[in-house]
Amino acid sequence: MPEPGTTAVVILLPAAAPLLEAARRTDPALVRRRLPAHVSLLYPFVPESALTVQDEEAVGSLAAGFPAADLLLEEVVTAPGFVAVTLPGLQPIVDTFRARWPGLQPYRGRFGARPTAHVTVALGADNPTITARVRAAVGNLLPLRTRATAVQLAVLTEKGWRPRLTAPLGGPNGQ
Numbered sequence: 056m057p058e059p060g061t062t063a064v065v066i067l068l069p070a071a072a073p074l075l076e077a078a079r080r081t082d083p084a085l086v087r088r089r090l091p092a093h094v095s096l097l098y099p100f101v102p103e104s105a106l107t108v109q110d111e112e113a114v115g116s117l118a119a120g121f122p123a124a125d126l127l128l129e130e131v132v133t134a135p136g137f138v139a140v141t142l143p144g145l146q147p148i149v150d151t152f153r154a155r156w157p158g159l160q161p162y163r164g165r166f167g168a169r170p171t172a173h174v175t176v177a178l179g180a181d182n183p184t185i186t187a188r189v190r191a192a193v194g195n196l197l198p199l200r201t202r203a204t205a206v207q208l209a210v211l212t213e214k215g216w217r218p219r220l221t222a223p224l225g226g227p228n229g230q
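For the sequence shown, our numbering gives the first residue as 56, with consecutive numbering after it.
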């Protein structure tokens with residue numbers, strides 16, 4: 056489990072919440088609490104104690120360089136202990152953020168050097184039968200439309216994740 060002070064740069068996707076609910080109905084332990092449906096751009100990001108104004112400005116600047124986007128979630132993928140829905144439409148922004156901070160290893164290397172943009176639906180689904188149930192439940196909800204409108208820098212506290220910075224995609228006007 057991550058420690059308080061851990062940070063993440065994410066795009067929240069509230070319309071994808073039903074995917075997490077479907078996994079939670081199968082097994083509540085598979086869905087992380089207090090973290091809404093999202094795509095991680097950088098996790099873990101710079102620890103909160105080391106974050107600089109320049110890091111925050113760079114997050115805002117990079118977010119401003121991408122327009123808000125309508126997205127279609129269509130494909131469920133699985134790996135041992137993991138169920139997700141891919142979002143290839145967000146891969147360019149994921150790659151741009153990772154290129155800006157090349158020393159940060161996404162997911163501490165758990166999914167390789169360049170994991171695809173995805174919404175994590177379930178973690179810890181080590182039983183193949185449970186994985187298949189989650190995959191089927193989530194698959195029944197697809198395709199699902201959502202909209203990416205902002206990048207959020209979030210910090211883990213003792214009480215859960217809290218936003219530190221929200222930067223609209225496309226700049227202040229979301230263009």
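Cβ atoms here follow ideal geometry from the backbone N, Cα and C, with glycine treated the same way.
**Asked** From which residue to which residue does the alpha helix (DSSP H) around Phe152 run?
**Response** Taking the sequence shown and counting its residues from 1, one reaches residue 152 at position 97. Start and end: 146–155.
**Request:** Could you round the C-beta distance between Thr121 and Ala63 to whole angstroms and report it? I think they count as a contact, below 8 Å.
**Result:** Residue numbering aside, residue 121 sits at position 66 when the sequence shown is read from its first letter. Residue numbering aside, residue 63 sits at position 8 when the sequence shown is read from its first letter. Correcting the residue type first, residue 121 is Phe in the shown sequence and not Thr. The Cβ separation is near 18 Å, so there is no contact.
**Request:** Could you name the residues that DSSP lists as bridge partners for Gly136?
**Result:** Translated into the one-based positions of the sequence shown, residue 136 becomes position 81. DSSP, once it has assigned bridges, lists Ala180 as partnering Gly136.
**Prompt:** Are at least three pairs of beta-carbons, each pair with one atom in the region 95–113 and one in the region 67–76, less than 8 Å apart?
**Reply:** no
**Prompt:** Exposed or buried, what is Pro161 when buried is set at 16 or more other beta-carbons lying within 10 Å of its beta-carbon?
**Reply:** One-based indexing of the sequence shown puts residue 161 at position 106. Flag for Pro161 reads buried.
**Message:** On the CB-based measure, 16 or more other CB atoms within 10 Å of its CB, does Val132 come out buried or exposed?
**Reply:** Stepping through the sequence shown from its first residue, residue 132 is reached at position 77. When all chains shown are included, Val132 counts as exposed.
**Request:** Please name the residue in Leu97, Pro83, Leu211, Thr61 whose C-alpha comes closest to that of Pro157.
**Result:** Within the sequence shown, residue 157 is the residue found at index 102, counting from 1. The residue with the shortest Cα to Cα distance from Pro157 is Leu97.
**Message:** Less than 6 Å between C-beta atoms, sequence neighbours within five positions excluded: which residues of the same chain meet that for Ala172?
**Reply:** On the sequence shown, residue 172 is found 117 positions in, with the first residue counted as 1. Once the five neighbours on either side are set aside, the close Cβ partners of Ala172 are Val94, Leu142, Leu145, Gln146, Val149.
**Prompt:** Is the beta carbon of Leu126 less than 8 Å from the beta carbon of Arg188?
**Reply:** In the sequence shown, residue 126 corresponds to position 71, counting from 1. In the sequence shown, residue 188 corresponds to position 133, counting from 1. Cβ distance not < 8 Å, so Leu126 and Arg188 don't count as in contact.
**Message:** Does the CB of Val114 have a neighbour CB from chain D at under 8 Å?
**Reply:** Of the chains in the structure shown, none is chain D; there is only one protein chain.
**Request:** Please report how far the alpha carbon of Leu213 lies from the alpha carbon of Pro59, in whole angstroms.
**Result:** Start at 1 with the first residue of the sequence shown, and residue 213 comes out as number 158. Start at 1 with the first residue of the sequence shown, and residue 59 comes out as number 4. First, the amino acid is wrong: residue 213 is Glu here, not Leu. Separation of Glu213 and Pro59 (C-alpha to C-alpha, rounded to the nearest whole angstrom) is 6 Å.
**Item:** Distance, Glu76 Cα to Ala118 Cα
**Value:** The residue labelled residue 118 in the question sits at position 63 within the sequence shown. The residue labelled residue 76 in the question sits at position 21 within the sequence shown. So the two alpha carbons sit approximately 28 Å from each other.
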